[in-house]
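Student:
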Amino acid sequence: MKKLLTSTALIAAMAMPAFAQETLDPKAQSGGGIVVTYKDDVATLDPAIGYDWQNWSMIKSLFDGLMDYAPGTTELRPGLAESYDVSEDGMTFTFHLRTGVKFHNGREMTADDVKYSLDRVTNPVTQSPGAGFFGAIAGYDAMADGSTTSLGGVTVIDPATVEITLSRPDATFLHVMALNFASIVPSEAVDAANGDFGKMPVGTGAFKLDEWTIGQRLVFAKNPDYWRAGLPYLDTVTFEVGQEPIVALLRLQNGEVDVPGDGIPPAKFQEVMGDPEQAARVVEGGQLQTGYITLNVTIPPLDNVDVRKAINMAINKDRITQIINGRAVPATQPLPPSMPGYTEGYAGYAFDPETAKQMLADAGFADGFETELFVMNTDPNPRIAQAIQQDLASIGVSASIQSLAQANVIEAGGAGTAPMIWSGGMAWIADFPDPSNFFGPILGCAGAEEGGWNWSKFCVEEIDAEATAADSMLDPTAPERLAMWSDVYMKVMEEAPWVPVFNEQRYTMKSARMGGDDSLYVDPVSIPVNYDYVYVTE
0 MKKLLTSTAL
10 IAAMAMPAFA
20 QETLDPKAQS
30 GGGIVVTYKD
40 DVATLDPAIG
50 YDWQNWSMIK
60 SLFDGLMDYA
70 PGTTELRPGL
80 AESYDVSEDG
90 MTFTFHLRTG
100 VKFHNGREMT
110 ADDVKYSLDR
120 VTNPVTQSPG
130 AGFFGAIAGY
140 DAMADGSTTS
150 LGGVTVIDPA
160 TVEITLSRPD
170 ATFLHVMALN
180 FASIVPSEAV
190 DAANGDFGKM
200 PVGTGAFKLD
210 EWTIGQRLVF
220 AKNPDYWRAG
230 LPYLDTVTFE
240 VGQEPIVALL
250 RLQNGEVDVP
260 GDGIPPAKFQ
270 EVMGDPEQAA
280 RVVEGGQLQT
290 GYITLNVTIP
300 PLDNVDVRKA
310 INMAINKDRI
320 TQIINGRAVP
330 ATQPLPPSMP
340 GYTEGYAGYA
350 FDPETAKQML
360 ADAGFADGFE
370 TELFVMNTDP
380 NPRIAQAIQQ
390 DLASIGVSAS
400 IQSLAQANVI
410 EAGGAGTAPM
420 IWSGGMAWIA
430 DFPDPSNFFG
440 PILGCAGAEE
450 GGWNWSKFCV
460 EEIDAEATAA
470 DSMLDPTAPE
480 RLAMWSDVYM
490 KVMEEAPWVP
500 VFNEQRYTMK
510 SARMGGDDSL
520 YVDPVSIPVN
530 YDYVYVTE
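Okay, here's the thing in structure tokens:
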């Protein structure tokens, strides 16, 4: 018989904080609604598919997973699982579900829904960019190659109990169970949507979709049956799309908008910070973020590592940082400095256009070459793309800029048709505070599949194997594990599939009537805002 650890014991063993009890803000007022603006429309609200800055927090308010995070933190706590047990070898997790939890359609959630949801997100037919996160679950490989449609490692014990068996220990598994991709969905709603579940989402979350007028707005309404008593505070959240960020800022100043979803326009940043009344409404927060340029290693001449290294040496990161008012520090590697596993003292590729030109000539491109640079069309990203374009031109590389809506850039990246992408507006912010999160989905082989977020299509089996070995250690903070991750990223930099550009601080604004702790507006998990816990004071 397997020896089991309780959830509390496992958290202690893994050096994670204990679960926080749910506490409601004594200052919170229930009722009312807020207006949030975005320039672009929302691509999807399907938790198995959605994976961008804009829809992440929306999806998190519509759906729940077995695990969750305390609001405004990266502190793990139970979600739809009231508790769980873990075998001593860390290979089997038994989740005990909360009873009485209802989907938005009124049906009670059961363990069968957990099984269905995990099968769905890992089925290649779904084309989930997050499928690779579940690679440690037994039977994942058979799902990935299409030889089965059911994860062998996920077993329904009874309506309130589900057992998940891994094929190897995974230090990040509980974090994975808190990702949007692990959200629990009802099969009948997915079937009824007939391939359009992203426009007709049904979950167990604090809000439910009340209206979606394409190109105009989405309205979320309070879920009166939400299982967390007393939440959410708001009756409605209205997302208005098609709003230019500068117009959104003016409307916030006029009291018509509560949160500008695209943030403070860089061209207005100094003006805002110089006005005490406006600056008082600015919220600043740290984040585990890296902005980078992807170099598609499958498209010539970017398939030549020396060409990729030359491009790294051509980019003036200090100048790009100035474009965003110095709200970042130049990056040398994929991991941000505050992430465990970051390689201290690594200088990266020096800014050296002359050496870069010589490297191109030695690689057979003395006359340069032509390519395309894809970029999200929200300021400051087109201006950053122009700076990159100028830097590339200085070494003979002519890059035409393709400035598109976020969803179109993501589509091109996933399809592998974009030679280069500036990731701004979609730059990687950690899903959870572990170095593995900057590898698997955006630099690992699993993320290089069709529709994945590894837009450089970089896949080196030996590096993947080392990453898997690092994650197969049960203690996520073990020094030897972090040393392995450091080695992984140094090997990645030798292959130069990216140009790491900067690590950015987060700034957002809120209207004077918005209540709740500032951490909710720069929530490290419910990016950018935790709508379940904010409220209005008037």
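Numbering (numbering that gives the first Met the number 0), first residue to last: 0 to 537.
In this text, a Cβ means the ideal position worked out from N, Cα and C, and glycines have one as well.
Note that the coordinates shown come from a computational prediction; the quantities given were computed from them, not determined experimentally.
Would you kindly check if the distance between the Cβ of G30 and the Cβ of T237 is under 8 angstroms?
Tutor: no
Student: Which one of E107, D40, C458 has the shortest CA to CA distance from G439?
Tutor: Restricting attention to E107, D40, C458, the CA atom closest to the CA of G439 is found in C458.
Student: If you draw a straight line from the alpha carbon of E353 to that of A143, how long is it in whole angstroms?
Tutor: 45 angstroms
Student: By the three-class DSSP mapping on this structure, what secondary structure does R480 have?
Tutor: helix
Student: Enumerate in chain order the residues of its own chain whose CB-to-CB distance from S525 is below 7 angstroms, with the five nearest sequence positions on each side excluded.
Tutor: S56, K59
Student: Whole angstroms is fine: what's the gap from L178's alpha carbon to V120's?
Tutor: 12 angstroms
Student: Pull up the distance between the alpha-carbon of T164 and that of N529, whole angstroms please.
Tutor: 31 angstroms
Student: Here's the rule: buried if 16 or more other CB atoms are within 10 angstroms of the residue's CB, otherwise exposed. What is D209?
Tutor: exposed
Student: Just the Cα atoms here: how many angstroms apart are N376 and K356?
Tutor: 30 angstroms
Student: Report the rounded CA-to-CA distance for V374 versus T98, giving the unit in angstroms.
Tutor: Using only the alpha carbons, I get a separation of about 46 angstroms.
Student: Work out the CA separation of V189 and D195 for me, nearest whole Å.
Tutor: 8 angstroms
Student: Using the C-alpha atoms, what's the distance from G241 back to G214?
Tutor: Taking the straight line from one Cα to the other gives about 7 angstroms.
Student: Considering only DSSP beta bridges, list what W55 is partnered with.
Tutor: Partner(s): none; W55 has no beta bridge.
Student: Just how far apart, CA to CA, sit G89 and G340?
Tutor: 22 angstroms
Student: Based on Cα-Cα distance, which residue from V258, M492, G415 lies nearest to M513?
Tutor: V258
Student: How about G71 and S510: are their beta carbons less than 8 angstroms apart?
Tutor: no
Student: Where does D319 land, buried or exposed, given buried means 16+ other C-beta within 10 angstroms?
Tutor: According to the sequence provided, residue 319 is Ile. The question's Asp does not apply to it. By the 10 Å Cβ count, I319 comes out buried.
Student: Please report the residue range of the beta strand (DSSP E) in which G372 lies.
Tutor: Gly is not the amino acid found at residue 372; the sequence shown has Leu there. L372 -> beta strand (DSSP E) spans 368-375.
Student: Alpha carbon to alpha carbon, what distance is there between K198 and F219?
Tutor: Near 13 angstroms, if we compare the C-alpha coordinates of K198 and F219.
Student: Taking 7 angstroms as the limit between beta carbons, can you name the residues of its chain near T43, skipping five residues before and five after?
Tutor: G49, N54, G197
Student: If I follow the unbroken beta strand (DSSP E) through R505, where does it start and stop?
Tutor: 505-508
Student: If you draw a straight line from the alpha carbon of G443 to that of D463, how long is it in whole angstroms?
Tutor: 6 angstroms
Student: Tell me whether the beta-carbon of L117 lies closer than 8 angstroms to the beta-carbon of F94.
Tutor: Their beta carbons are not under 8 angstroms apart, which means L117 does not touch F94 by this criterion.
Student: Find the nearest neighbour of P523 within the set E448, A69, F132, judged by alpha-carbon distance.
Tutor: A69
Student: Is the beta carbon of W497 less than 8 angstroms from the beta carbon of Y291?
Tutor: yes
Student: In chain order, what are the residue ranges of uninterrupted alpha helix (DSSP H) at least 4 long that sit wholly in the region 444-490?
Tutor: 460-470
Student: Quick check on V306: buried or exposed, where buried means 16 or more other Cβ atoms within 10 Å of its Cβ?
Tutor: buried
Student: Expressed to the nearest angstrom, what Euclidean distance is found between the alpha-carbon atoms of E74 and G363?
Tutor: 51 angstroms
Student: Out of N380, S393, Q385, state which residue places its alpha-carbon closest to the alpha-carbon of S399.
Tutor: Q385
Student: Using the C-alpha atoms, what's the distance from A137 back to E465?
Tutor: If I take the Cα positions, the gap works out to 19 angstroms.
Student: Under 8 angstroms, with one C-beta from each stretch per pair, do the region 262-276 and the region 475-486 reach the 3-pair mark?
Tutor: no
Student: Apart from the five residues just before and just after A80, which ones in its own chain have a Cβ nearer than 7 angstroms to its Cβ?
Tutor: L65, M66, F94, H95, L96
Student: Comparing C-alpha positions only, which one of I323, Q405, G134, T536 sits nearest to Q269?
Tutor: Checking every option, the nearest Cα to that of Q269 belongs to I323.
Student: Measure the C-alpha to C-alpha separation of E243 and V521 and round it to an integer number of angstroms.
Tutor: 21 angstroms
Student: What does A398 pair with, by DSSP beta-bridge criteria?
Tutor: T370
Student: Excluding five sequence neighbours on each side, which residues of the same chain lie with their C-beta closer than 8 angstroms to the C-beta of K2?
Tutor: With a pLDDT of 32 at K2, under the threshold of 50, the modelled position of that residue is not reliable, and no figure is offered here.
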